[in-house]
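Let me begin by presenting the structure, written as structure tokens, before commenting on it.
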Amino acid sequence: MMGQNQSEEAIVSTNFNETENEGSVGGRMELEKEQDQSMFNVKSFLWHGGSVWDAWFSCASNQVAQVLLTLPYSFSQLGMVSGILLQILYGLMGSWTAYLISVLYVEYRARKEKENTSFKNHVIQWFEVLDGLLGSYWKAIGLAFNCTFLLFGSVIQLIACASNIYYINDKLDKRTWTYIFGACCATTVFIPSFHNYRIWSFLGLGMTTYTAWYMAIAALVHGQVENVTHTGPKKLVLYFTGATNILYTFGGHAVTVEIMHAMWKPQKFKYIYLMATLYVFTLTLPSSAAVYWAFGDELLNHSNAFSLLPKNGFRDAAVILMLIHQFITFGFACTPLYFVWEKVIGMHDTRSICLRALARLPVVIPIWFLAIIFPFFGPINSAVGALLVTFTVYIIPSLAHMFTYRKASARQNAAEKPPFFLPSWTAMYVINAFIVVWIFVVGFGFGGWASMTNFIRQIDTFGLFAKCYQCHPPTPPPVVAAQPPHALHH
14 MMGQNQSEEA IVSTNFNETE NEGSVGGRME LEKEQDQSMF NVKSFLWHGG
64 SVWDAWFSCA SNQVAQVLLT LPYSFSQLGM VSGILLQILY GLMGSWTAYL
114 ISVLYVEYRA RKEKENTSFK NHVIQWFEVL DGLLGSYWKA IGLAFNCTFL
164 LFGSVIQLIA CASNIYYIND KLDKRTWTYI FGACCATTVF IPSFHNYRIW
214 SFLGLGMTTY TAWYMAIAAL VHGQVENVTH TGPKKLVLYF TGATNILYTF
264 GGHAVTVEIM HAMWKPQKFK YIYLMATLYV FTLTLPSSAA VYWAFGDELL
314 NHSNAFSLLP KNGFRDAAVI LMLIHQFITF GFACTPLYFV WEKVIGMHDT
364 RSICLRALAR LPVVIPIWFL AIIFPFFGPI NSAVGALLVT FTVYIIPSLA
414 HMFTYRKASA RQNAAEKPPF FLPSWTAMYV INAFIVVWIF VVGFGFGGWA
464 SMTNFIRQID TFGLFAKCYQ CHPPTPPPVV AAQPPHALHH
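Whatever position you read off the sequence shown (first residue = 1), add 13 for this note's numbering.
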């Protein structure tokens, strides 16, 4: 299996060279032979993916995970109009910065190919792109933000698993479910790379599609609750908390470089994230708007939409599908961390899957522990969005693109020119500068203040290591009427 994985790495490298230099006839024949063989190999069809469609499924599937369940909660904080507009704004911003990351990857790859650098047994990552283009300081910043974001992204998936399963089986508390799902998600150490997520990405997107449309239809069928109110936005703290949760929703491309590297022709990635985002809009907008319309301000105390939707077979099916999808998303978030850890301990080019899996296990343990400490489903999304996603996904890629092409010679020799709809370097600089300022002030500044205020409030209310965050209140014991004292006889 590892031999097949390395063979595909060689195909990726061969494809990149062919696209840049039109390659040799022998290389093309070898590539065609490999692809012909894979067409008749069921295992390869299900296990090894590097096409444009594989990348699209990976991006769309990774973008809408448990956050789908918290968007109605965000709408109750923002109000309907702001919720819709901010989804569109941050969706477009996220697509733009994903495009910038893809451009920088191609630039880095082209420069390294000219130096005859081989990536046959090496997965390129974002911090290495920053290092190759801008130097070691950028590498350190990119590595710190990216790894921390992916770490807490994985934590959020574990919290979401425990939160969801509780609505099917509440005999165990959420903390116990976190222990169980932590062990289950640890099995992702056996998935070698993003080449091997083909069938999982396809299934994952199907699961979120079902869940999103179930939420929308169930809310509409249920109708509005009695005396429903829609007072949002009510407080600035709540408003910016909800806004940063939406910023987090469309900031799932911390794994963009790894997904690109898994492609046979990475240059085709440019607009894939935008296409994925447009599809995601068809899931997030109807579901969050419908649930907010039905339940209104009740959502302010229910960060998981499942807690308000009527319990039936359709809801249980949605819960189970989301649990499976969160396992997949956990793997998406953790795989880049596995790569970084492998490089640190010198195991990245090891052939044995079992040895690599054993080496990866220490990465899962702190994720497991943090999910038990901070089980705050919903508020933790906003905190991660404000403090980590802002820099990792929006600010750093925009600044990196500006600094990489600040010189006229760099722009003239760029591997990727400005897009056809914006054929001006000046216009690109203006958009990048706007994103940096907006995200820093609104996302990191106001969003950081609001989300941390809300997060600290959750700690004060529920405490660290909360056994069952936002669970059903325990049924009070029956009150026994006190017996009147016996009359005293004199």
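All C-beta atoms, glycine included, are put in the ideal place defined by N, C-alpha and C.
Note that this is a predicted model, so its numbers are computed, not measured.
Rounded separation between residue i and residue j - CA only
i      : j      : result
Arg373 : Gly195 : 14 angstroms
Ile333 : Glu126 : 45 angstroms
Trp69  : Tyr286 : 7 angstroms
Asn182 : Thr189 : 12 angstroms
Cys197 : Thr439 : 49 angstroms
Ile409 : Ile341 : 27 angstroms
Arg211 : Ser71  : 8 angstroms
Gly104 : Thr290 : 6 angstroms
Ser167 : Ile380 : 7 angstroms
Leu117 : Gly461 : 28 angstroms
Lys324 : Thr224 : 14 angstroms
Ile154 : Val293 : 30 angstroms
Lys281 : Asn314 : 44 angstroms
Tyr112 : Thr405 : 14 angstroms
Ala256 : Glu429 : 33 angstroms
Asn159 : Leu401 : 8 angstroms
Phe457 : Phe263 : 15 angstroms
Arg424 : Val238 : 58 angstroms
Ile563 : Met441 : Residue coverage of the chain in this structure runs from 14 to 503, which leaves residue 563 outside it and unanswerable.
Leu412 : Ala446 : 8 angstroms
Gly420 : Ser149 : A small correction: the amino acid at residue 420 is Lys; Gly does not occupy that position in the sequence shown. Lys420 and Ser149: Cα-Cα distance of roughly 19 angstroms.
Tyr284 : Leu312 : 35 angstroms
Val6   : Met360 : As shown, the chain starts at 14 and ends at 503. That puts residue 6 outside it, with no answer to give.
Residue i and residue j closer than 8 angstroms at C-beta
i      : j      : result
Tyr261 : Asn394 : yes
Thr269 : Ser115 : yes
Leu296 : Ala463 : no
Trp109 : Ile386 : no
Tyr86  : Ser316 : yes
Pro279 : Arg124 : no
Leu143 : Trp151 : yes
Tyr180 : Lys187 : no
Gly63  : Ala267 : no
Cys174 : Leu336 : yes
Leu218 : Thr191 : no
Thr254 : Gln90  : yes
Met228 : Leu322 : yes
Phe308 : Val241 : yes
Val397 : Phe165 : yes
Asn75  : Phe345 : yes
Collapsed DSSP secondary structure at residue i in the structure displayed
i      : result
Lys125 : helix
Pro375 : helix
Lys283 : coil
Gln138 : coil
Val241 : coil
Arg328 : helix
Leu435 : coil
Asn159 : helix
Val406 : helix
Gly39  : Because the pLDDT of Gly39 is 36, which lies under 50, any placement of that residue in the model is unreliable, and the number read from its coordinates should be weighed accordingly. Three-state result, Gly39: helix.
Leu185 : coil
Trp277 : coil
Glu429 : coil
Ser422 : helix
Phe459 : helix
Met93  : helix
Leu291 : helix
Pro246 : coil
Arg470 : helix
Leu298 : helix
Met52  : Interpretation of Met52 is limited by its pLDDT of 45, a score under 50 that renders its predicted location unreliable; no figure is taken from the coordinates.
Pro504 : Given that the chain is displayed from residue 14 to residue 503, the structure contains no residue 504 and the question cannot be resolved.
Asp362 : coil
Pro85  : helix
When the options are compared against residue i, the one with the closest alpha-carbon
i      : options                           : result
Asn134 : Lys281, Asp362 and Trp438         : Asp362
Ser365 : Val202, Ala275, Gln76 and Ile212  : Val202
Ile272 : Pro205, Ile172 and Trp354         : Pro205
Val234 : Ala303, Cys174 and Thr221         : Ala303
Val377 : Ile169, Asn177 and Val136         : Ile169
His243 : Phe433, Gln425 and Gly96          : Gly96
Leu102 : Gly461, Gly166 and Trp451         : Trp451
Ala427 : Phe434, Leu435 and His414         : His414
Ser93  : Leu156, Thr466 and Pro246         : The sequence given here has Met at residue 93, not Ser. Considering only alpha carbons, the answer is Pro246.
Glu120 : Leu312, Val454 and Tyr418         : Tyr418
Ser176 : Thr83, Lys356, Trp354 and Met441  : Thr83
Phe140 : Thr130, Leu156, Leu146 and Leu147 : Leu156
Check: residue i C-beta below 7 angstroms from any heavy atom of the ligand SAH
i      : result
Arg124 : This structure simply doesn't include the ligand SAH, nor any ligand for that matter.
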